[in-house]
Amino acid sequence: MIDFKAIEEKWQKKWLEEKIFEPKIDEREKFYITVAFPYLSGHLHVGHARTYTIPDVIARFKRMQGYNVLFPMAWHITGSPIVGIAERIKNRDSKTIWIYRDVYKVPEDILWTFEDPKNIVKYFMKTARETFIKAGFSVDWSREFHTTSLFPPFSKFIEWQFWTLKKKGLVVKGAHRVRWDPVVGTPLGDHDIMEGEDIPILEYVLIKFILMENGEEIYLPAATLRPETVYGVTNMWLNPEATYVKAKIRSKGKEEVWIISREAAYKLSFQDKEIEVIEEFKGEKLIGKWVKNPVTGDEIIILPAEFVDPDNATGVVMSVPAHAPFDHVAIEDLKKETEVLLKYDIDPRIVGEISYISLIELEGYGEFPAVEEVEKLGVKSQKDKEKLEQATKNIYKAEFHKGIFKIEPYKGKPVQEVKDLIAKDMKDRGKADMMYEFAEKPVISRFGNQAVVKIIHDQWFIDYGNPEWKEKAREALARMKIYPESRRAQFEAVIDWLDKKACARKIGLGTPLPWDKEWVIESLSDSTIYMAYYTISRHMNRLREEGKLDSEKLTREFFDYLFLEEFSEKREKELEEKTGIPAETIHEMKEEFEYWYPLDWRCSAKDLIPNHLTFFIFNHVAIFRKEHWPKGIAVNGFGTLEGTKMSKSKGNVLNFIDAIEENGADVVRLYIMSLAEHDSDFDWRRKEVGKLKKQLERFYELISEFAQYEEKDVELMDIDKWLLHRLNRAIEGATKALEEFRTRTAVQWAFYSILNDLRWYMRRTEGRDDEAKRTTLRKLAEIWVRLMAPFTPHTCEELWEKLGGEGFVSLAKWPEPDPEWWNESIELEEDYIKNLIEDIKEIISVARLENARRAYIYTAKEWKWKVAQVVAEKRDFKASMSEVMKDPEMRKRGKEVSKLIQKLIKDRAFDFKRIDEEKALKQAKDFIESEIGLEIIINPDEDKGGKKRQAMPMKPAVYIE
RNA sequence: GCGGGGGUUGCCGAGCUUGGUCAAAGGCGGUGGACUCAAGAUCCACUCCCGCAGGGGUUCAGGGGUUCAAAUCCCCUCCCCCGCACCA
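And the structure:
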């Protein structure tokens, strides 16, 4: 057994000691790659491992190619989840404790310190760093930092970023709707919601129907998602059993009196409305009264309906029976229940005479689509709720997409358009208002309270909706490389779609907004340009360690100079005065920024495209000069575990660190890199990992063995040359794949393809043990180890040492194809032999020739090769024929030639490459014989079985007896 | 609803950008064989259907089209996944 663990520790120690991954500026070309730093609310699992392994592999590859590579790492602790965890630990929440104690295996004595969020951060920062070191990541740890005010120099950097954005008018104040816990008084993110986190918020239009009471206008705001149907209202619905209120509504300096459900009054009080309830009463009080449609002026009656939910929007509903199944059915029901009407003193004739108003032309339906749909689905009464809902859905969808409006002044326009026009018009003229409401209920906060929709003011936004900014972001994207390229469309869509993004909140860890300290910059907003901070972070850390850094003095002008201005000795002197940092150091920082920027690659998992990665583009173009705009983004997919989604709350995770402990870092790295390409997801399977481990052991053993060989200057045999040629191919394939972040293909070339070729080579050279073979294998070993080094760096360091390589393999030169090794005809010959063996085997099995003794092989005659060459050039029967027939020798066998050309054309054998078949056969004779267990006779004079003429170039005729 | 991406042979998953060399890589699973006292590991062969001579047939969600030629290009239909924000 190979002790991978010892090997890994040995090299990790050496790398750290010799600081080989801590680059300084030098004359080499730079390569700067970063990955989205992890949020430390727990351990990283093998799904995350992919995100971090890819850039490490690329960094290692580029380093070997001779670039000066910077690959830094930091930690993200901004936001509320960590605070929330601390809270739940403090409350002894059993699930949280289970996750941290049993899934993340946090020692008990440390677990209880998690009541303080700082300890969570401390613990996971330490373990994450250990994990990354154990994974063999070639990170420059001298630049490590973390976010929030707990790390003042970075916090100052974020303050600078926000001042800069604000100065450019990109941070603005405004109102915004949020889900809100009315008891605790806090906005609710997805993580803060216990039930109903998927429920969307709808925007209802409230159409203010007019009720005259003692000469005074009172409004009944009917809530609707289809404002265009205001033209088809025949009556109004109220729930007679529900409690309604009459209330003074003050909004935007105006005061009106509304009648709405009691629940609505409560909910509207969170939506910019001041509400003063005058009286409370049952809905029945209003049944039978008449109200005026504010748009058409029609007088309509208020009728009772049990389907009206007082807890949905205003609890006031307008009735459009021609286009709303619920309304139609309710009217039909009422027609049958005259006693109900009499109870409210309503003349049943009024209901009987309600005439439907058709508004929308809909293909496939007549005048009243709702009526038809109700009949079609067989709805009997209001009790058929499910069917009614289905009918409503069908009609709504059909009318919205295909409906044409029939009423002036919107006649002939699609409903889709009219809808917004009418809503806007009503609002502008004060005839309508609006209200936010959950599409479904309940929505319960994690504190156990029923959530409401609140409009909050004084909210700070980053204005991603700014058109000029968008334009710049588009330009930057167009100049960037995106891997995989197929994701570009999504980036474009996100840039178009992004609008004002709330950038600060009142809870959680973070950097306070510098001009409004009660707000804390939220986590997606403080992580957009920190790649620039890495460039100066080494110096910051050093100054900090030496106690020479007063973060309070890191002013805006300091960062302005480093990141935005030209070099200036004078400025450096001034800043030395102001910051206490030596001018020389300031100069070095600026040099580093100018050297490393722009960022070459940003890596992340695909889930960050709609937010972080796009914000990253936006913020860079807003703040930095064009030459510092980022150059590329590479996104990767997730991972599943034995076919199921990883989820920490279900405990279905494999921690990255546990996977490493169990299998070794190199195995985990190689496995993850080989599983999936780009942004497709991979599936972690224990069994396969075990298999890979064995293969890696084999790799180790093979190279160890080859390391004992010496390279000599000897004549190589064809099969040796074949292996070297194949090696060239592998080098080329792996290099090209890595350039495009295609790790899976790269592993296939760098590992599996060589492994397979080697297997074939060993088979072909069985029994040979000469200097040529040893030399070949030794050459292979030296290249193979380097090709594998980005994937399995520890193992390769160890093997590199065995091979007597200079220094670290991590810094060794990436192999390039040797021009002298290219040899396509040898490859073709080898394929030729392989195909022949397969053919013979097939013949034996199909013809059931188990007792055969000999195989006669006939290669194609010279003239056939000539014909093939002509056909390959002409690719056309006539042209080939006339060309060939110029040769009198050919004319003698005209018929045969014509047949051959026909066949070649049919087979589209246009890829003409000449090999010496007989030579290849002779060299491989012993091998073929041992493979098929028959005696081989090459090109005998006797035409056995009349097969001779079947021989084609690259496909010899065979006769077996 | 809006936006992004997919449907490939038992399973996973390449290939589709630049139509032919695609019955379609690789892995897993399965079958047979070598090795072994045996198991494991390893290696070899086969793994859509048919075939007593290296061949033929039917496939790449479904339907239609372009082309000498389509898994690959175009159109339509069906189905699936992901995002929609103040949340990491």
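Its first residue numbered 552, the first sequence is counted upward by one per residue in my numbering.
Ideal Cβ positions, reconstructed from N, Cα and C, are used throughout, including at glycine.
Distance between residue j and residue i (C-alpha atoms, nearest Å)
i: Pro899; j: Glu914; result: 34 Å
i: Asp554; j: Arg611; result: 23 Å
i: Ile1174; j: Glu1145; result: 15 Å
i: Ala1430; j: Ile1384; result: 32 Å
i: Lys1476; j: Glu1486; result: 9 Å
i: Asn1017; j: Cys1054; result: 15 Å
i: Lys1242; j: Arg1293; result: 22 Å
i: Val842; j: Val1045; result: 46 Å
i: Leu1060; j: Glu767; result: 53 Å
i: Lys978; j: Asp971; result: 11 Å
i: Thr847; j: Glu827; result: 30 Å
i: Leu1205; j: Leu739; result: 30 Å
i: Pro1181; j: Thr1165; result: 11 Å
i: Glu1424; j: Phe1461; result: 7 Å
i: Phe588; j: Trp626; result: 5 Å
i: Pro703; j: Gly1098; result: 13 Å
i: Pro677; j: Ile1033; result: According to the sequence shown, residue 677 is Lys rather than Pro. Taking the straight line from one Cα to the other gives about 33 Å.
i: Leu1247; j: Ala1258; result: 16 Å
Nearest candidate by alpha-carbon position, reference residue i, set the options
i: Glu1036; options: Pro738, Asp1230, Ile995, Ile752; result: Asp1230
i: Lys1415; options: Val1204, Arg1500, Val756; result: Arg1500
i: Ala990; options: Met1313, Leu595, Ala600, Glu748; result: Glu748
i: Arg1280; options: Leu1400, Val1509, Met1268, Ala1297; result: Ala1297
i: Lys1287; options: Glu638, Arg601, Lys613; result: Lys613
i: Tyr590; options: Val620, Lys673, Tyr618, Ser689; result: Lys673
i: Met1031; options: Gly598, Ala1185, Arg1295; result: Ala1185
i: Cys1347; options: Arg1310, Met1313, Ala1301; result: Ala1301
i: Leu1126; options: Glu1139, Glu1108, Glu912, Gly593; result: Glu1108
i: Phe1250; options: Gly1445, Leu1226, Leu1275, Ser1304; result: Ser1304
i: Lys1364; options: Tyr603, Asn1307, Ile1282; result: Ile1282
i: Lys962; options: Phe951, Leu910, Lys936; result: Leu910
i: Lys982; options: Glu918, Pro778, Leu1028; result: Pro778
i: Leu1075; options: Thr1195, Met869, Thr629; result: Thr629
i: Val657; options: Asp667, Ile671, Asp644; result: Ile671
i: Lys1389; options: Asp653, Val1509, Lys556, Ala774; result: The sequence given here places Glu at residue 1389; Lys does not occur at that position. Of the listed residues, the one whose Cα sits closest to Glu1389 is Val1509.
i: His594; options: Ile1160, Pro703, Lys1454, Asp653; result: Asp653
i: Leu1113; options: Glu1482, Tyr1148, Arg728; result: Tyr1148
i: Arg1314; options: Ser1481, Ala1210, Glu924, Pro623; result: Ser1481
Proximity test, residue i beta-carbon vs the ligand NAD heavy atom, cut-off 6 Å
i: Gln1041; result: In the structure on display, the ligand NAD does not appear, and there are no ligands present to speak of.
Status (buried if at least 16 other CB within 10 Å, exposed otherwise) for residue i
i: Trp1048; result: exposed
i: Met615; result: buried
i: Pro543; result: A question about residue 543 goes unanswered here, because the residues of the chain that appear run from 552 up to 1512.
i: Ile584; result: buried
i: His952; result: exposed
i: Thr1195; result: exposed
i: Trp562; result: buried
i: Asn1307; result: exposed
Whether residue i touches residue j by CB criterion (7 Å)
i: Pro743; j: Arg997; result: According to the sequence shown, residue 743 is Asp rather than Pro. Yes.
i: Ile946; j: Thr785; result: no
i: Pro791; j: Glu835; result: yes
i: Glu806; j: Met985; result: no
i: Leu1105; j: Lys717; result: no
i: Ile752; j: Tyr987; result: yes
i: Val796; j: Glu831; result: yes
i: Lys833; j: Ile853; result: no
i: Asp691; j: Phe821; result: no
i: Trp1273; j: Glu1381; result: yes
i: Ala774; j: Thr865; result: yes
Which runs of the beta strand (DSSP E), 3 residues or longer, sit entirely within the segment 1169-1254?
As far as the segment 1169-1254 is concerned, its whole beta strand (DSSP E) runs of at least 3 residues are 1183-1187, 1190-1192, 1233-1235.
Quick check for students: name the residue ranges of the alpha helix (DSSP H) that lie wholly in the segment 683-741, counting only runs of 4 or more.
703-718
For the segment 995-1036, which segments carrying the alpha helix (DSSP H) assignment without a break, of at least 4 residues, lie completely within its bounds, in sequence order?
1018-1030
Kindly provide the ranges of any beta strand (DSSP E) runs that are 3 or more residues long and lie completely inside the segment 910-994, ordered along the chain.
983-989
Quick check on the DSSP output: what are the complete beta strand (DSSP E) runs of length 3 or more inside the segment 1378-1428, in order along the chain?
1405-1409
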